[in-house]
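Letter by letter, the sequence shown follows residues 4 to 358 in the numbering used here. Worksheet for the structure shown next.
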Amino acid sequence: MKSEKQVKPKLESPSKSAHSVTHLPFAAGTRLHRRGLCCSGTAHAYSTKRLRLRQPCHEQSELNSFLWTIKRDPPSYFFGTIHVPYTRVWDFIPDNSKEAFLQSSIVYFELDLTDPYTISALTSCQMLPQGENLQDVLPRDIYCRLKRHLEYVKLMMPLWMTPDQHGKGLYADYLFNAIAGNWERKRPVWVMLMVNSLTEVDIKSRGVPVLDLFLAQEAERLKKQTGAVEKVEEQCHPLNGLNFSQVIFALNQTLLQQESLRAGSLQIPYTTEDLIKHYNCGDLSSVILSHDSSQVPNFINATLPPQERITAQEIDSYLRQELIYKRNERIGKRVKALLEEFPDKGFFFAFGAGE
C-alpha cells in the first residue's frame, strides 16, 4: 500500500485519498475490550473544539493515514481506531476518513458497543465462579498489596480529576466505583487490567467517549445499520485461558510497576500522550500503537530472573497467538463473508489500528 503524506486535507472523494487495496487484510485489529465500559457521554457533531495545537510530525513522507479502500462499487473501507478520548484525535483525522464514514451505509465494529448485552456479558465473563472472591484465590501478600494500591488510588482520585470533569458532574467516588466496584469478585487477570487503567492519565480522560464508542454513537445517531464481527466471549475467554501461575505473575508484575511509579523510581516508556501523538501523525510503524492494541502490558524485560522471563515469554506467545493471529484470521473471514453476501453495500469497518 502506498503511503500518503499526512497534511491537512481538503474534503474530497475518499477513494482518491485513501489507501487502495485489492485484497482483504487479516490484520483487522486486536485490542482487548476495555472500550465502552469506562467511558460515557453523548455523541457530538463533527465540529469538536480543538484542544491543542497540531503536534509536529517527523518524516512526513513516511507516514500513513489509517484509512484503506476496498475497491468495489460502492467502495468499502477499513479505518484504524485508537482507545483514547475522541476529542484528542478527531481534529487530526483527515476529512476523507470522515467522508468515508458518512458515505458508508453499514458500519461494523469489533463489538456492538451500544448494546447493553455486550457490557453485561463482558462483566459476567470477568467474574470469579459463584461463591469465590479474590481473598480466597490470591496469595496473601499480593492481595494485601492490591488492596493497599486501590486504597491509594481512591485517595488520590479527587486530586487527579480535572475541573472539566467536576463541571460535568463526575465525582471521584462514583468514578472509582464505576471502574473498580466489586473488584473482589473479579478474576485476577481482569483485576490486573483494571489496575493498569487506574492511573492519573487514564482517570483524567474519563467522561469522554473513546474514538470507537464515539463512532458507534454517531452511526446510531445517523441511523446507519451497524454490526459487530466478534462476540464478547471471543474477546474474553482467551484471557481467562491463562493458567493460575501466569496470572499471578502478571498481577505481581503489574503491582510492582505501579508501586515503582508511586515511589518515583520508574517512568513508563510509552505514555498515552506518546500514543496520541503517533496516531495523530499517522505513524503506522510505531510500536506504541501495538501497545494500545491489546491493553495487556509486555512483561518481558532484561531484569527478570531466567524463570520469570520464561513465564513472561509464554504469556506473550499465548496472547499473540490467541489475540492476534487466530483472532485476525477469524475476523478476516467474517469481513470477507459480509462483503460477498452484500456486494451492493458500502461498509465501514472500524477496528483497532495497533495491528
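Ideal Cβ positions, reconstructed from N, Cα and C, are used throughout, including at glycine.
Contact between tyrosine 89 and proline 212 holds, with the beta-carbon distance rounding to 6 Å and staying under 8 Å. By the neighbour-count criterion, in which a residue is buried when 16 or more other Cβ atoms sit within 10 angstroms of its Cβ, isoleucine 313 is exposed.
Bridge pairing for threonine 121: absent [DSSP].
The C-beta of glutamate 233 has 16 or more other C-beta atoms within 10 Å across all chains shown, which makes the residue buried. Per DSSP, the beta-bridge partners of isoleucine 109 are Gln228 and Phe350.
Burial check for threonine 84: the Cβ neighbour count within 10 Å reaches 16 or more, so the residue is buried. By the neighbour-count criterion, in which 16 or more other beta carbons inside 10 Å mark a residue as buried, cysteine 284 falls on the buried side. Taking the CA atoms as reference points, glutamine 238 sits about 30 Å from asparagine 99. Comparing C-alpha distances from alanine 183 to each of Ser208, Asp347 and Val156 shows the shortest one belongs to Val156. By the criterion of a C-beta distance shorter than 7 Å, methionine 160 is surrounded in its chain by Ala175, Leu178, Phe179 and Ile206, once the five residues flanking it on both sides are discounted. Take the alpha-carbon of isoleucine 279 and the one of glutamate 135: they are about 39 Å apart. Between leucine 153 and the set Lys227, Tyr321, Leu258 and Asn243, the nearest pair of CA atoms involves Leu258.
A Cβ-Cβ distance of about 7 Å is found for the pair leucine 269 and glutamine 260, placing them in contact under the 8 Å criterion. In this structure, threonine 306 lies away from alanine 219, with their beta-carbon atoms at least 7 Å apart. Under DSSP, the beta-bridge partners assigned to proline 88 are Val213. Excluding the 5 residues flanking it on each side, isoleucine 251 has same chain C-beta neighbours closer than 8 Å at Leu141, Pro142, Ile145 and Pro191, in chain order. Nearest C-alpha to glycine 210 among Phe95, Gln168 and Tyr321: Gln168. Using a Cβ distance threshold of 7 Å, isoleucine 109 and lysine 336 do not count as a contacting pair. CA-to-CA, the gap between aspartate 277 and asparagine 243 works out to about 30 Å. For leucine 245, the three-state secondary structure derived from DSSP is coil.
Inter-residue distance for glutamine 129 and threonine 202 is about 21 Å (C-alpha atoms, whole angstroms). Around the beta carbon of proline 77, fewer than 16 other beta carbons sit within 10 angstroms, so the residue counts as exposed. DSSP places serine 200 in the helix class (H, G or I) of the three-state scheme. DSSP, read as helix, strand or coil, puts isoleucine 96 in coil. With contacts defined by Cβ atoms closer than 7 Å, alanine 356 and phenylalanine 69 form a contacting pair. The C-alpha of tryptophan 163 lies about 48 Å from the C-alpha of phenylalanine 345. DSSP, reduced to helix, strand and coil, places lysine 234 outside both helices and strands of the structure shown, so it counts as coil. Note on phenylalanine 247: under 16 other CB atoms within 10 angstroms of its CB, so exposed under the neighbour-count rule. Look at the region 167–195 and you find these whole runs of alpha helix (DSSP H), each 4 residues long or longer: 175–183. The three-state secondary structure of threonine 257, taken from DSSP, is helix.
Under a 10 Å Cβ-count criterion, aspartate 139 is classified as exposed, with fewer than 16 other Cβ atoms of the shown protein chains found around its own Cβ.
With a 10 Å radius around the Cβ and a threshold of 16 neighbouring Cβ atoms, leucine 114 comes out buried.
Here the alpha carbons of phenylalanine 351 and phenylalanine 104 stand approximately 6 Å from one another. Put simply, the backbone Cα of lysine 150 is about 16 Å away from that of serine 200.
Out of Ile73, Thr72 and Ala353, the CA that lies nearest to the CA of leucine 214 is found in Ala353.
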